[in-house]
Structures are given as structure tokens and as C-alpha cells.
Amino acid sequence: MGGIMDARRLEDEVEMPLEGIVYGEVSGWLTIIGILVAIAGIIIGVVTGNSVFDYQSTIKDLLSGHDEEKIWTDDSIFHSEPHGYWFLNVIHTGDGIAMFGIALAVYGGIVGLLLLIVFTFRSREVLLYKKGLYTFLAIAIFCLMVYCAWEAEF
Numbered sequence: 001m002g003g004i005m006d007a008r009r010l011e012d013e014v015e016m017p018l019e020g021i022v023y024g025e026v027s028g029w030l031t032i033i034g035i036l037v038a039i040a041g042i043i044i045g046v047v048t049g050n051s052v053f054d055y056q057s058t059i060k061d062l063l064s065g066h067d068e069e070k071i072w073t074d075d076s077i078f079h080s081e082p083h084g085y086w087f088l089n090v091i092h093t094g095d096g097i098a099m100f101g102i103a104l105a106v107y108g109g110i111v112g113l114l115l116l117i118v119f120t121f122r123s124r125e126v127l128l129y130k131k132g133l134y135t136f137l138a139i140a141i142f143c144l145m146v147y148c149a150w151e152a153e154f
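If you're matching positions, the sequence shown starts at 1 in UniProt numbering and goes up one per residue.
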């Protein structure tokens with residue numbers, strides 16, 4: 001029992017850095033909201049039939065081992081494999097809403113990291129911690145994440 005009390009006392013004494021709190025809260029909540037939007041989109045697509053895919057054909061083709069290009073060509077309203085942010089053109093469908101939710105969850109990390117960097121610049125001590133290595137790494141990771149998002153092909 002003493003170990004639990006010591007851990008709680010230590011937890012009360014440790015002050016979390018504001019940068020970490022901002023990153024955790026923003027990325028965490030955007031991820032949760034994105035997941036809920038994606039689940040709502042799936043439910044809308046299945047219940048109403050307002051979908052990009054013919055679900056019965058898609059499941060049959062998946063179980064038959066067809067590749068993604070054939071499934072997109074045969075089972076979707078596009079009749080070809082879409083690229084980029086295709087879901088924005090069909091946001092009125094269940095699949096469009098679901099994919100938007102997934103994108104929102106992914107971009108939660110990018111927005112959280114951007115705010116972490118902004119809050120890092122508020123304090124010289126935090127900015128130059130470990131000779132600025134952490135700040136440099138945060139900026140490098142942010143640039144990589146933005147590049148990957150920019151070049152995304154869903």
C-alpha cells in the first residue's frame with residue numbers, strides 16, 4: 001500500500017510541461033472525435049445504403065482474394081482506383097464521412113505537434129533544452145508528417 005501512496009505523492013509533485021499537455025489533449029481529442037465520426041460514417045453507410053461501395057460485392061471480392069484495384073473498379077461508384085483526398089468529393093456518403101473521420105484522427109497528431117512546437121517557442125529554456133535537439137526533432141517530425149499527408153494516396 002505504501003508504494004501506491006508514494007506514487008501518488010510523486011505524481012502530485014511532478015509538474016507536467018505545458019507543451020506535453022497541449023500535444024496530448026489536442027491530438028487525443030481529435031483522434032477520439034475522428035474515431036467517432038468514422039464509426040458514424042460506417043453506420044450511415046451500412047444502414048442507409050448511402051455508400052461508395054456495394055458492400056455485398058466488396059466482401060465477396062475480398063474473400064475471393066481480389067486485389068484492391070479490381071475491388072475499386074468493380075465495386076465502387078468511381079469504377080477506378082481513386083487517389084488523394086477522394087472522400088471530400090463524396091462527403092455526403094457514409095464512406096466519405098467515415099474516411100473524413102479517419103483523416104481527422106490522423107491529422108490530430110499533426111495539429112497537436114504543431115501546437116507543441118508553437119508552445120515550445122514560448123520559453124527559451126524549453127526551446128534550447130538539450131541544446132535545441134528536442135525542438136529540432138519536433139520540427140523534423142512535423143515536416144515529415146506534413147509531407148506524408150501532402151503526398152497521401154488513400
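Built from N, CA and C at the ideal position, the CB exists for glycine as well.
Residue nearest to residue 135 within the set 53, 116 and 78 is 116 (criterion: CA-CA distance). Counting only residues of its own chain and dropping the five nearest sequence neighbours on each side, residue 101 has a CB closer than 6 Å to the CB of 34, 37, 38 and 41. Excluding the 5 residues flanking it on each side, residue 97 has same chain C-beta neighbours closer than 7 Å at 37, 40, 41, 44 and 91, in chain order.
DSSP places residue 123 in the coil class of the three-state scheme, outside both helix and strand. Just measuring C-alpha positions, the residue of 76, 59 and 72 sitting nearest residue 51 is 76. Annotation: residue 57 to residue 123 spans about 57 Å, alpha carbon to alpha carbon. Residues of the same chain with a CB within less than 8 Å of the CB of residue 130, apart from the 5 flanking positions on each side, do not exist. Between residue 119 and residue 19, the beta carbon gap of about 5 Å places them in contact (Cβ cut-off 8 Å). Of the candidates 105, 21, 81 and 146, the residue whose Cα lies closest to the Cα of residue 31 is 105.
By the Cβ-count criterion, residue 23 is buried, with 16 or more other Cβ atoms from all chains shown falling within 10 Å of its own Cβ. Selection 141, 84, 46 and 85 evaluated against residue 112 yields 141 as nearest (Cα-Cα).
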